[in-house]
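Engineer:
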Amino acid sequence: MTRDQASGLRMMNQPNNDKVKVIAVSGGKGGVGKTSVSINTAVALAEKGKRVLVLDADLGLANVDVMLGIRAEKNLSHVLSGDAELDDIIVRGPKGIGIVPATSGSQAMVELTPAQHAGLIRAFSEMRTQFDILIVDTAAGISDMVLSFSRASQDVLIVVCDEPTSITDAYALIKILSREHGVFHFKIVANMVRSLREGMELFAKLSKVTDRFLDVALELVATIPFDENLRKAVRKQKLVVEAYPKSPSAIAYHGLANKIMTWPVPQQPGGHLEFFVERLVQRKPIQEGRTGE
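The opening position of the sequence shown corresponds to residue 497 in this note's numbering, with each subsequent residue numbered one higher.
1. Output needed for I720: all residues of its chain with C-beta closer than 6 Å, excluding positions within five of it in sequence on either side, in chain order.
2. Report the start-end ranges of each beta strand (DSSP E) in the region 510-549 that is 3 residues or longer and not cut off at the edges.
3. To the nearest angstrom, how far is the alpha carbon of D633 from that of A558?
4. Assuming L752 contacts A718 (C-beta within less than 8 Å), just tell me the rounded distance between them.
5. Which residues mark the beginning and the end of the alpha helix (DSSP H) in which M563 is found?
6. Between the C-alpha atoms of S456 and S662, what's the straight-line distance to the nearest angstrom?
7. With a threshold of 7 Å on Cβ separation, who are the neighbours of D583 within its own chain once the five nearest residues in sequence on each side are excluded?
8. Please classify K546 as buried or exposed, where buried requires at least 16 other C-beta atoms within 10 Å of its C-beta.
9. Report all residues from its chain with a CB closer than 6 Å to the CB of I684; omit the five preceding and five following residues, and keep chain order.
10. Return the CA-CA distance between A651 and Q764, expressed in angstroms with no decimal places.
11. One question on the structure: do K517 and I629 come within less than 7 Å of each other, judged by their Cβ atoms?
12. Report the three-state DSSP secondary structure of L630 (helix, strand or coil).
13. Taking 7 Å as the limit between beta carbons, can you name the residues of its chain near H574, skipping five residues before and five after?
14. Which residue wins for smallest C-alpha separation from G556, given the options D514, K570 and M605?
15. Alpha carbon to alpha carbon, what distance is there between V705 and M508?
16. Based on the DSSP secondary-structure assignment, which residues constitute the bridge partners of A553?
17. To which residues of the same chain is T787 closer than 7 Å at the C-beta, ignoring the five residues directly before and after it?
18. Apply the 10 Å Cβ neighbour rule to A598 and answer buried if 16 or more other Cβ atoms are within range, or exposed otherwise.
19. Are R593 and I519 close, meaning C-beta to C-beta below 7 Å?
20. Taking DSSP's pairing of strands, which residues face G615 in a bridge?
21. Does DSSP classify L653 as helix, strand or coil?
22. Is L702 closer than 7 Å to K671 when the C-beta atoms are compared?
23. What's the gap between the Cα of M757 and the Cα of L549?
24. Can you tell me whether H613 is buried or exposed? The criterion is at least 16 other CB atoms within 10 Å of its CB, across all chains shown.
25. What residue from L726, T537 and E659 has the CA that sits closest to G589's CA?
26. Could you check where the alpha helix (DSSP H) with A700 kicks off and where it finishes?
27. How is A648 classed by DSSP in three states: helix, strand or coil?
28. Starting from P597, follow the beta strand (DSSP E) in both directions and report where the run begins and ends.
29. Taking the Cβ atom as the reference point for each residue, do K525 and D658 lie within a distance shorter than 7 Å?
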């Protein structure tokens with residue numbers, strides 16, 4: 497076990513009563529780089545001292561552990577069958593990040609019922625492992641699974657690249673989350689762009705159509721440049737923030753991590769099924785004196 501993994505293990509295996517920031521990373525379309533965004537940002541956050549857990553929520557086509565070259569002995573299918581708890585299946589990644597691996601090539605996992613999705617979300621509240629941030633790397637598309645995990649998160653990051661199908665699918669996801677699930681704020685990551693200007697133009701394209709047809713608020717939180725170093729890192733089963741820390745994309749991921757650290761955790765539940773909802777329930781402050789005294 498490396499020093500990074502050992503330190504991550506010590507930090508994470510403690511009683512956990514603190515609030516957790518939960519971020520869903522989605523995109524509508526496959527191939528836009530959302531898993532790369534998820535795990536590179538996770539490691540960037542870990543380098544800043546945050547305890548990070550990544551949930552591979554592409555339950556039927558897991559790829560987080562594959563991208564990192566990590567072998568997972570157990571995965572979410574063992575949790576759902578009752579053969580393991582979430583804490584038992586966590587594997588360690590770069591800089592001590594924790595990863596909850598999914599399974600690959602399982603039709604049964606893709607066809608989980610809404611009740612099973614809800615049970616999985618609730619299971620996170622029972623975890624012993626301690627962490628500050630949960631990043632939920634969702635599947636592509638607009639399945640019940642994607643919608644359940646996105647709605648249960650505090651912030652939804654939509655990863656989009658400059659392709660018509662990417663913009664169309666991102667819009668479709670935003671539309672259904674806003675109209676049917678009450679999610680109205682979305683943080684946008686413009687991925688694989690040639691320049692900051694191209695990223696801003698991509699954001700403008702998406703904003704134009706959402707402003708016209710939907711009652712939502714979009715915020716551009718990162719532009720990740722097209723970077724050959726990222727491709728090199730993938731071939732090595734490494735992350736660009738680890739293998740090429742001074743590359744343009746690695747710098748952009750650290751910028752995104754810095755922003756995430758400023759996002760507040762809600763002070764009270766949103767009134768629907770959420771990750772760690774119990775920790776958002778606030779006790780009323782004790783009054784120090786009575787009115788008129």
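Beta carbons: idealized from backbone N, C-alpha and C, even for Gly.
Structural biologist: This is what the structure holds:
1. For the purposes of this step, residue 720 is taken as the residue at position 224 of the sequence shown. Hits under 6 Å: N687, S745 and A748.
2. Runs of the beta strand (DSSP E) lying entirely within the region 510-549, each at least 3 residues long, are 517-522 in chain order.
3. On the sequence shown, position 137 is the one that residue 633 refers to. On the sequence shown, position 62 is the one that residue 558 refers to. For D633 and A558, the gap between their C-alpha atoms comes out near 10 Å.
4. Taking the sequence shown and counting its residues from 1, one reaches residue 752 at position 256. Taking the sequence shown and counting its residues from 1, one reaches residue 718 at position 222. Separation of the CB atoms of L752 and A718 is rounded to 4 Å, and the pair is thereby assigned contact status at 8 Å.
5. The sequence position of residue 563 within the sequence shown is 67, counting from 1. In this chain, the alpha helix (DSSP H) harbouring M563 covers V560 to M563.
6. This structure leaves residue 456 out entirely; the chain is present only between 497 and 789.
7. As a first step, residue 583 must be located in the sequence shown, where it is residue number 87. So the list reads M623, R624 and T625, once near-sequence residues are dropped.
8. The count along the sequence shown starts at 1 and reaches residue 546 at position 50. The residue is buried, with at least 16 neighbouring Cβ atoms inside 10 Å.
9. Here residue 684 refers to the residue found at position 188 of the sequence shown. Only I654, F699, L714 and L716 meet the Cβ criterion.
10. On the sequence shown, position 155 is the one that residue 651 refers to. On the sequence shown, position 268 is the one that residue 764 refers to. Note that residue 651 is Asp in the sequence shown, not Ala. Between D651 and Q764, the C-alpha separation is close to 14 Å.
11. Within the sequence shown, numbered from 1, the residue matching residue 517 stands at position 21. Within the sequence shown, numbered from 1, the residue matching residue 629 stands at position 133. Yes; because the gap between Cβ atoms is below 7 Å, this pair is in contact.
12. Position 134 of the sequence shown, counting from 1, holds the residue named residue 630. Reduced to three states, the DSSP call for L630 is strand.
13. Position 78 of the sequence shown, counted from the first residue, corresponds to residue 574. The answer, listed in chain order, is A580 and I585.
14. Here the question's residue 556 lines up with position 60 in the sequence shown. For G556, the closest C-alpha among the options D514, K570 and M605 is that of M605.
15. By one-based count along the sequence shown, residue 508 stands at place 12. By one-based count along the sequence shown, residue 705 stands at place 209. In this prediction, M508 has a pLDDT of 47, which is less than 50 and means its spatial position is unreliable; what the coordinates show is noted afterwards. Cα to Cα, the separation comes out at about 42 Å.
16. Looking up residue 553 in the sequence shown gives position 57. A553 pairs with T634.
17. Your numbering for residue 787 matches position 291 in the sequence shown. At T787, the pLDDT of 37 sits below 50, so the modelled position is not reliable; the number obtained from the coordinates is stated separately. Exclusion of the five residues before and after T787 leaves no residue of its chain whose Cβ lies closer than 7 Å to its Cβ.
18. The residue you call residue 598 lines up with position 102 of the sequence shown. It counts as buried.
19. Within the sequence shown, numbered from 1, the residue matching residue 593 stands at position 97. Within the sequence shown, numbered from 1, the residue matching residue 519 stands at position 23. Note that residue 593 is Ile in the sequence shown here, rather than Arg. Using a Cβ distance threshold of 7 Å, I593 and I519 do not count as a contacting pair.
20. Counting from 1 along the sequence shown, the entry for residue 615 is found at position 119. Beta-bridge pairing by DSSP links G615 to no other residue.
21. The residue you call residue 653 lines up with position 157 of the sequence shown. In the structure shown, the three-state DSSP call for L653 is strand.
22. Start at 1 with the first residue of the sequence shown, and residue 671 comes out as number 175. Start at 1 with the first residue of the sequence shown, and residue 702 comes out as number 206. Cβ atoms of K671 and L702: not closer than 7 Å.
23. For the purposes of this step, residue 757 is taken as the residue at position 261 of the sequence shown. For the purposes of this step, residue 549 is taken as the residue at position 53 of the sequence shown. Our two residues, M757 and L549, have alpha carbons roughly 15 Å apart in a direct line.
24. Along the sequence shown, one-based indexing puts residue 613 at 117. Counting every other CB atom within 10 Å of its CB across the protein chains shown gives H613 a total of 16 or more, marking it as buried.
25. Stepping through the sequence shown from its first residue, residue 589 is reached at position 93. Per the Cα distances, T537.
26. Residue mapping note: residue 700 aligns to position 204 of the sequence shown, counting from 1. Here the alpha helix (DSSP H) through A700 covers L692 to F709.
27. Numbered from its first residue, the sequence shown carries residue 648 at position 152. Residue state, collapsed to three classes: coil.
28. In the sequence shown, residue 597 corresponds to position 101, counting from 1. Counting along the chain, P597 falls outside any beta strand (DSSP E), and DSSP gives it neither H nor E.
29. For this step, residue 525 is matched to residue 29 along the sequence shown. For this step, residue 658 is matched to residue 162 along the sequence shown. No. Outside cutoff.
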